[in-house]
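Going line by line, the protein sequences match chains P and D.
So the first sequence is numbered by this note's numbering: it starts at -16 and just counts up by one.
So the second sequence is numbered by this note's numbering: it starts at -16 and just counts up by one.
Protein chains: 2
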Amino acid sequence: MKLFAREGYAAVSMRRIAAEVGVQAGALYNYTPDKQSLLFTLMHDHMQALLAAVPGDPKADPLARLETFVAFHIRYHHDRPDEVFISYMELRNLTPENFAVIEDLRRRYEDVLESILRDGMAAGRLHTPDTKIATLAVIAMLTGVSTWFREGGRLSLEDITARYWDMVRGAVGVRAQ
Amino acid sequence: MKLFAREGYAAVSMRRIAAEVGVQAGALYNYTPDKQSLLFTLMHDHMQALLAAVPGDPKADPLARLETFVAFHIRYHHDRPDEVFISYMELRNLTPENFAVIEDLRRRYEDVLESILRDGMAAGRLHTPDTKIATLAVIAMLTGVSTWFREGGRLSLEDITARYWDMVRGAVGVRAQ
DNA sequence: GTCTATATTCTGATAGAC
DNA sequence: GTCTATCAGAATATAGAC
C-alpha cells in the first residue's frame, strides 16, 4: 500500500515489495497469484471498508445526515491517505474486469450521498436542480481536502470540516434559517 | 501525451513512444535528453498554456469574473483531457526540482481564482470565511467534471456549466438578488 | 512457507554507420 | 536525423530444494 501510493503501481517491482516486508521476491507468490491481484485486493478491501463504514440512517433528518456524511468523508479519507490515493490513481492499472468491480463499489458509495440529497429535496430542506451532478461535485470537493491538507497548518481538520460544511450547504441550496 | 495519460508514465517505455510516432527508440533521443525531460516538458507546456489562457480582467465585476472563470475552467479542462490527467496524476514521477516548478505554476493558477474571491468579498458580493479554502474547494469541484463527463450523455457541457455555476455561487455565499 | 536460481523478456540509454 | 546493434541491468514469474 505504501509503495504503490508513493511511487505508483507500475513503478514498484515485486522485489521492492518483498524487500519492504522482509522476504525474497519468490515468497510473495504464496500470498498473491500475481501483481495485478495484489493491486485489486488493496483497492477492493478499501472500497468494501468504506461502504461498511459510511453512516446511513434513512430515518434521520436529511440535513443531519448530510452533515454527518461530510464530516465522515473528510475524516475517513484523511485517516487513510494511501488507500485513497491508490483508489483514485491506479484505476487505469486494473484489468477491465477488476475495474468494473471497483467502479460498481464507487457508484454505490456515491448513491449513499445521492439518497441523502434526494430525501432532502423531498423534504424541502435543500434545493438543487440535479442530485446526481450535486453528488459528484460534493464528493470531488471533499476528496480534494486529502490532496493538500497537512496536520499542523493554519487550520485544524475540524476547522476545515466546518468550512466545507458551510460550502456544501450553500452548494446544494440549503436556505438560511 | 496520449500514452502517458492512458497507461501512466512508468508503464510506458521509450520503445512504445517511438513506435507510436513511427521511429525507432534511439531516434527519440534527438528530441529529448531522457524520459523525465519528456514528462516535464509536457506538464510545463500545459501549465504555461493554462496560465496564458485564463481570463483575468481585474477591473471587471467580481461576480462576472467568477462566472467567466468557472466556464473557462470547465471548458479548458474538458478540451484537454490527456494534459489534465497527466498534470494531476504524474506529479509524483517528477524529480523534486521539476516538481517544484510545476507546483509553482499550479499555485499561480489558484491565485487567479483567489484574487477574484477576495475582490468579491471586498465588494460585498460574496461571503466566504476563508478564500484560500474556497479556492481549493471550487477548483477540486470543477476539475472533477473531466473525470466523469462524456459527450452525448444526459446533459451537455453547457448544462453542466450552468449547474456548477449555481453550486459555486452557493458555496462562496453569493446572496440571492 | 521461504529460499536460491533461473527463464524470458523488457528497460533506458548509447555508439557508430549512413 | 534515423537506423541497427548493443550494454548493463531490471522486470514478472516459476522451479525445485529444504
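Even glycine gets a Cβ: it sits at the ideal position worked out from N, Cα and C.
Legend entry - Nearest-angstrom Cα separation, counted from E134/D out to G127/D: 15 Å
Inset, instruction - Taking N76/P as the query, report the chain D residues whose CB atoms sit under 9 Å from its CB, ordered along the chain. - result: E(-10), G(-9) and A(-6)
Legend entry - Backbone secondary structure at A159/D - three-state DSSP: coil
Inset, instruction - Assign A106/P to buried or exposed, taking buried as 16 or more other Cβ atoms, counted over all protein chains shown, within 10 Å of its Cβ. - result: exposed
Inset, instruction - Determine the contact status of D65/P and K115/P, defining contact as a CB-CB distance below 8 Å. - result: no
Inset, instruction - Sort N81/D, R152/D, D113/D and E(-10)/D by Cα distance to T224/D and report the nearest one. - result: The structure shown has nothing for residue 224/D, since chain D only spans -16 to 160.
Inset, instruction - For Y147/P, return the contacting residues in chain D, with the cut-off set at a CB-CB distance below 9 Å. - result: I116 and A120
Inset, instruction - Consider the Cβ of M124/D: report whether some Cβ of chain P lies at a distance smaller than 8 Å. - result: yes
Legend entry - For P45/D, three-class secondary structure by DSSP: helix
Inset, instruction - Kindly give me the distance between the Cβ atoms of R146/D and D113/P, rounded to whole angstroms, as I take these residues to be in contact under 8 Å. - result: 5 Å
Legend entry - Listed by chain order, chain D residues near I0/P by CB distance under 7 Å: Ordered by position in chain D, no residue passes the 7 Å Cβ test against I0/P, which lies about 15 Å from the chain.
Inset, instruction - List the residues of chain P whose Cβ lies closer than 8 Å to the Cβ of D113/D, in chain order. - result: L138 and R146
Inset, instruction - Spell out a yes or no on whether the region 86 to 102 of chain P and the region 26 to 39 of chain P are touching, meaning 3 or more CB-CB pairs, one atom from each, closer than 8 Å. - result: yes
Legend entry - Given 8 Å, three or more beta-carbon pairs between the region 115 to 125 of chain P and the region 13 to 23 of chain P: no
Inset, instruction - Leaving out five residues on either side along the sequence, give the residues of the same chain with a beta carbon under 6 Å from the beta carbon of A10/P. - result: none
Inset, instruction - Please report the residue range of the alpha helix (DSSP H) in which L96/D lies. - result: P79 to A105
Inset, instruction - Just mark D149/D as buried or exposed, buried being the case when its beta carbon has 16 or more other beta carbons within 10 Å. - result: buried
Legend entry - Rounded C-alpha distance that separates G136/P from E80/D: 24 Å
Legend entry - Close-in-space but distant-in-sequence residues of the same chain around H110/D (CB under 6 Å, 5 per side omitted): G156
Inset, instruction - Assuming I69/P contacts F(-13)/P (C-beta within less than 8 Å), just tell me the rounded distance between them. - result: 5 Å
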